[in-house]
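Below: the structure, in structure tokens.
There are 4 protein chains.
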Amino acid sequence: MKAALVGAGYWGPNLARNLVAQRGLDGVVVCDLDPVKLEKMKERFPSVETTRDFDAVLGDPEIGAVLLATPISTHGPLGLRVLEANKHLFVEKPLASSTAEARQLMQAADAAGRVLMVGHTFEFSPPVLRAKEMIDAGELGDIFFISVMRVNLGLHQRDVSVIWDLVPHDFSILFHWLKESPCYVNAFGRDCVQKGIPDVAFINLRFPSGVIANIEVAWLAPSKLRRTAVVGQKKMLVYDDTENVEKLKLYDQGVDFHDPETFGEYQLSYRTGDIVSPRLSNQEPLRMEVEHFFHCIQTGERPKTDGASGLRVVEALEAAETSLRTGHPVHLEGRRLDA
Amino acid sequence: MKAALVGAGYWGPNLARNLVAQRGLDGVVVCDLDPVKLEKMKERFPSVETTRDFDAVLGDPEIGAVLLATPISTHGPLGLRVLEANKHLFVEKPLASSTAEARQLMQAADAAGRVLMVGHTFEFSPPVLRAKEMIDAGELGDIFFISVMRVNLGLHQRDVSVIWDLVPHDFSILFHWLKESPCYVNAFGRDCVQKGIPDVAFINLRFPSGVIANIEVAWLAPSKLRRTAVVGQKKMLVYDDTENVEKLKLYDQGVDFHDPETFGEYQLSYRTGDIVSPRLSNQEPLRMEVEHFFHCIQTGERPKTDGASGLRVVEALEAAETSLRTGHPVHLEGRRLDA
Amino acid sequence: MKAALVGAGYWGPNLARNLVAQRGLDGVVVCDLDPVKLEKMKERFPSVETTRDFDAVLGDPEIGAVLLATPISTHGPLGLRVLEANKHLFVEKPLASSTAEARQLMQAADAAGRVLMVGHTFEFSPPVLRAKEMIDAGELGDIFFISVMRVNLGLHQRDVSVIWDLVPHDFSILFHWLKESPCYVNAFGRDCVQKGIPDVAFINLRFPSGVIANIEVAWLAPSKLRRTAVVGQKKMLVYDDTENVEKLKLYDQGVDFHDPETFGEYQLSYRTGDIVSPRLSNQEPLRMEVEHFFHCIQTGERPKTDGASGLRVVEALEAAETSLRTGHPVHLEGRRLDA
Amino acid sequence: MKAALVGAGYWGPNLARNLVAQRGLDGVVVCDLDPVKLEKMKERFPSVETTRDFDAVLGDPEIGAVLLATPISTHGPLGLRVLEANKHLFVEKPLASSTAEARQLMQAADAAGRVLMVGHTFEFSPPVLRAKEMIDAGELGDIFFISVMRVNLGLHQRDVSVIWDLVPHDFSILFHWLKESPCYVNAFGRDCVQKGIPDVAFINLRFPSGVIANIEVAWLAPSKLRRTAVVGQKKMLVYDDTENVEKLKLYDQGVDFHDPETFGEYQLSYRTGDIVSPRLSNQEPLRMEVEHFFHCIQTGERPKTDGASGLRVVEALEAAETSLRTGHPVHLEGRRLDA
């Protein structure tokens, strides 16, 4: 089986590097409309074949799997054609530009009996996985709230807002950690540089469990921040992706809440304890992700980041975008996930 | 003239220390209902007189000025009696627990011809003042947005929410910097530990100029943060009050926005430049504040942090609390201040 | 019993504050030649008596203990007179300006049966004590080397070098941790600002156990550093006194050395592990120190930082100063301490 | 002209990457005794030719330049053969394993009229170059001292000490900045893990101008440090290579030394000022270095890091190694460089 990468732009070369290194593939084809990008790809990865003809990719029986790294608006239409051509499909995040399209992709994958996976890369990253272990083990106690900052001096995109560009990461991380999707989404923001393209946004989420979250995203901040704090009853976890060494820190400090039994009033005690920065593995998330896609193709396993996972993120993005446009919060179903 | 400090609790000793050191006072009287607190005060500042009788303070013709450091709910009623007794009044932040009370205090001060000042201490702090200079000088260019985090493991208050406890600082700082009060206030939060007392909140503000802000406050986070980022068209300013040395940093990096002239599309260029941490003076904000109060008494000058300043903060706090309770944003008048 | 503090200069007020708070004392007398300093002392601590007459202190039968915070060159002569007047003696670090004087003080204390204690304050500080526990428990494994930086923009002293001013801290900490005194001292430095007064020095130590150390001290560096790294076979400990929260960090990373059995060559494996910043108590070291002095007076216990401890530090300081002057290393006896 | 890279080990691939990208070359040949390494090289850089035959490289008239990335002990013998074969020579740092060999290389290069360049890569790195500009412009004032820490958990080398492994970087940087070579070298260290192979060392240098330096190097420290502080009369510069953003910081704080006019005593004043982290370019030092080598070949210019530069570093390394072995400082000539 060969695999095809469609889209040789900003993110494409990272996927190509991992495809070329993937064992068991009979070849890698890269498809893009732009011959200059194809030439660069060929230069860097001489073993790949290149083509400008998407139909040829679809018609090639040797190509069993397609990875889409094209603009968001094309994920739906191109992805559908891949599945209809009976090939396994990997789509860069977000899965689609609307829930309608995301659902179509899921149905098409079911109908064809093909694997559908979305590139929520952070769900394969060592700090996110380690944090998940701690949360699942109850180390933090009940989670109170989550605060996220993802700001930097970004590439302004002409077609999508900062929400569609940056927030898929955080939605996929949070839903994965909490094992639920939000029932309330409110977004507040501004289009500071290009009118009509929001470049800073603050998003509030509420989950069925009661957990609340605030996510700040911006393309305008010269000091890059990638900081997520999960505050629980027992401990607080800080995940800082700009740190080289101490990406994850666990603060054993918190408020002990003693039930007011006979005393007639609330009693609070304050503890402070050790701070631990756990050891993390060095595995490249993208490599884990690509290997997982081919593993699922071989074994028939359902991907960790399957169509449903992609849909949840798209649904929340859509809600955030709607909220930003209308100025009103959006209420969603809010589901407990069986993870 | 003597001065009286009413309230010898958590914050009282800091005011007492500065009152005792204030030149030109004929004495300092400390008033509290709790004799233990008075005894401690006397031990630490042997020169002060102490009393449990608030009426005696009001009736003492030698006492020309009163400083209130009592619980928020008492600011209005006690403050009114001070002004009605024809004494100058300093009230710890926030000025009052409602706009109605704040307005009463302002009217009473006007009627009595006495100085009314509110303890927005940060408006006297070197980093906030230096930041104001930079903003006023246009060093940041047009301001796009402001992001504030003020979280720590706090003392839970039984009577007020985290909004009334922590946000007065940030409202007073932001209104001072921007020279305007907000036209939109939305608050989102949760009462994690004590039911009915919100202990984490995210507040969104929009100002008449278009500037937006997000303020995160919490009593539950073991890793203390005091970080305010002001992102402008030319530069970004970060004020981190937990830093010992580099409290203020100016990032000369940003997006240059070139108008689209003949080209038919937007052009953006990215710059990066030096980072500067300016020298700051070592003056104690509280000392500056107390001196300013007595300076205004002597000269008849209007305090920087006058009743109107206190009212604006109370109005926005009230709006935030209402929004948190109702789940809806609150629209305010939003005024340009003549500062 | 009353206690007398002699020397009301830079460090004196800190001792005075702790003396005034010390339970069981019948009074505190402060003695200094400078009436301005005495007046300030009186202003800040109204309960103290003041005097310019050192002989009156010695002759006062109510005064049972004297604390010396005078210039280093006076520690020996003044201290001797205190002990000869049959009073307990606390001397600020370093104990004396020469080993000869330090030995005289020890003999005089023995002869008089009085307590002699030296103010090696860091031996009472929570991070140093916690580090000692870890080292003693073998958590670091065999210690390989220690690296110390103690630099800042210092007060230049007219009479002593940066070695006598800053290194007593590090010598007392290191000897305490390692339970040995050095057999080799080499110093290298320069008098950059005032000719004849070295203001930067690098000191190399070797201990009988084989441990080596490098200590950098300077008065000239605008960015303050207080960093001590202890590198062991199993773990590395970093003590950074400028950190507010994470003063102590333990790095569980290191080289495992497997003995070369049949393989004919050395085998090394690398591990990396968690980083832990342990919880520390908030006790003020100086308070612990002053309490320990009075505890020893009452119980007859030998102080942790006794004359022998002071002598070891003075001996190493003398060696470092000699090495700096002559350009040659100084070899000392190097003793294992029974701690 | 083709270029040949000899040595495909740890560092070789980095050179290969830059050779392949170098314009104007007719081809790149990689030579190594190990066929596995050659195969990996070929895989990664399919355009290169590979060979195990060093003689074939020397005999190939198309190959005009050779880059040596072999073990230190082979730099001299292999380099001589390259120059005798009339080819231009680039040698990874350090230039040779002794001053005798280094001089032979210089003579051979002169005799053959070929370019001889040593890979002091840091002299091409943006922070080092920016620091040099500041120093040359007198921004720091007279330099007082330099303190260097270069420690990490390193690969233990079986054949050379930590001095030959890590110190070439710092010697080349310091000599470049100061424009002089040291007149005094003293080294102190220990072989903690493998007997006979020092893995921690502290090196003291004195320069003819009076500047002193302390360099700490170790393979044993789990917390990586790359910090160089240059303390001058006016300012202090800190270069921290582990920082992502603020690699260089300039502290405008220092001691002003006023000459003692009529006052009969020294007067010192203390200033503190801004801290600036200047913008740095993103150029890859290795790329600049490789381009410089080919630029010198084409133009006949003398390389910045020529044989004399390499010799100075080797001379100081030899002195440090001797000092470490004998326990005595080594006195060198100490030259002012015409840079």
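Protein chains in written order, with numbering that gives the first Met the number 0: chain Y, 0 to 338; chain Z, 0 to 338; chain X, 0 to 338; chain P, 0 to 338. All residues carry an ideal CB built from backbone N, CA and C; glycine is no exception.
- Under the Cβ criterion of 8 Å, residue 45(Y) is counted among the residues facing chain P.
- By the neighbour-count criterion, in which a residue is buried when 16 or more other Cβ atoms sit within 10 angstroms of its Cβ, residue 43(P) is exposed.
- Interface annotation, residue 199(Z): in contact with chain Y, CB-CB separation under 8 Å.
- Runs of the beta strand (DSSP E) spanning 3 or more residues and lying entirely within the segment 6-70 of chain Y occur at 26-30, 48-50 and 62-67, in chain order.
- Collapsing the DSSP output to three states places residue 227(P) in a strand.
- Leaving aside the five residues that flank residue 221(Z) on each side, the residues in its chain whose CB is nearer than 7 Å to its CB run, in chain order, 152.
- For residue 280(Z), there is no enclosing beta strand (DSSP E), as DSSP marks it with neither H nor E.
- Taking C-beta atoms as the reference points, residue 317(P) and residue 98(P) count as a pair closer than 8 Å.
- When the beta-carbon positions are compared, residue 35(X) and residue 27(X) stay at least 8 Å from each other.
- Residue 94(X) sits close to residue 312(X), with the two beta carbons spaced by under 8 Å.
- Within 10 angstroms of the beta-carbon of residue 122(X) lie 16 or more other beta-carbons, which makes it buried.
- Per DSSP, residue 236(Z) lies in no alpha helix (DSSP H); the unbroken beta strand (DSSP E) holding it starts and ends at 235-239.
- If you look at residue 134(X), you'll find it in the alpha helix (DSSP H) that goes 125-135.
- Runs of the alpha helix (DSSP H) spanning 4 or more residues and lying entirely within the segment 291-330 of chain P occur at 306-325, in chain order.
- When the five nearest sequence neighbours on each side are left out, the beta carbons in the same chain lying within less than 8 Å of the beta carbon of residue 83(Y) are those of 107 and 111, in order along the chain.
- Under the DSSP definition of a beta bridge, residue 91(X) partners with 118(X).
- The C-beta of residue 189(Z) has 16 or more other C-beta atoms within 10 Å across all chains shown, which makes the residue buried.
- Taken through DSSP and simplified to helix, strand or coil, residue 148(X) comes out as strand.
- By the C-beta criterion, the segment 226-236 of chain X is judged to be in contact with the segment 211-220 of chain P, since at least 3 inter-stretch pairs fall below 8 Å.
- For the pair residue 5(P) and residue 38(P), the Cα-to-Cα distance works out to about 14 Å.
- For the 8 Å CB-CB criterion, residue 187(P) and residue 185(X) form a contact.
- DSSP places residue 215(Y) in the uninterrupted beta strand (DSSP E) bounded by 211-217.
- Closer than 8 Å to the CB of residue 276(Z) there is at least one CB belonging to chain P.
- Minimum Cα-Cα distance from residue 23(Y) among the listed residues 0(Y), 302(Y) and 63(Y) corresponds to 0(Y).
- For residue 139(P), there is no enclosing alpha helix (DSSP H), as DSSP gives it neither H nor E.
- Under the DSSP assignment, residue 171(Z) falls in the alpha helix (DSSP H) whose first and last residues are 161-177.
- A direct Cα-Cα distance of roughly 58 Å separates residue 163(P) from residue 287(Z).
- Per the DSSP secondary-structure output, residue 187(Y) pairs in a beta bridge with 201(Y).
- About 18 Å separates the beta carbon of residue 117(P) from that of residue 298(P), a gap too long to meet the 8 Å contact definition.
- With a cutoff of 8 Å on beta-carbon distance, residue 205(P) and residue 191(P) are scored as not near each other.
- Taking the Cα positions, residue 294(P) is about 45 Å away from residue 145(X).
- Identification of residues in the segment 135-165 of chain P having a C-beta nearer than 7 Å to some C-beta of chain Z yields an empty set.
- The C-beta of residue 245(Y) comes closer than 8 Å to at least one C-beta of chain X.
- For residue 250(X), the chain P residues whose C-beta falls within less than 7 Å of its own C-beta are 221 and 222, listed in chain order.
- Apart from sequence neighbours up to five positions away, the residues of its chain that approach residue 119(X) with a beta-carbon distance below 6 Å are 92, 171 and 304, ordered along the chain.
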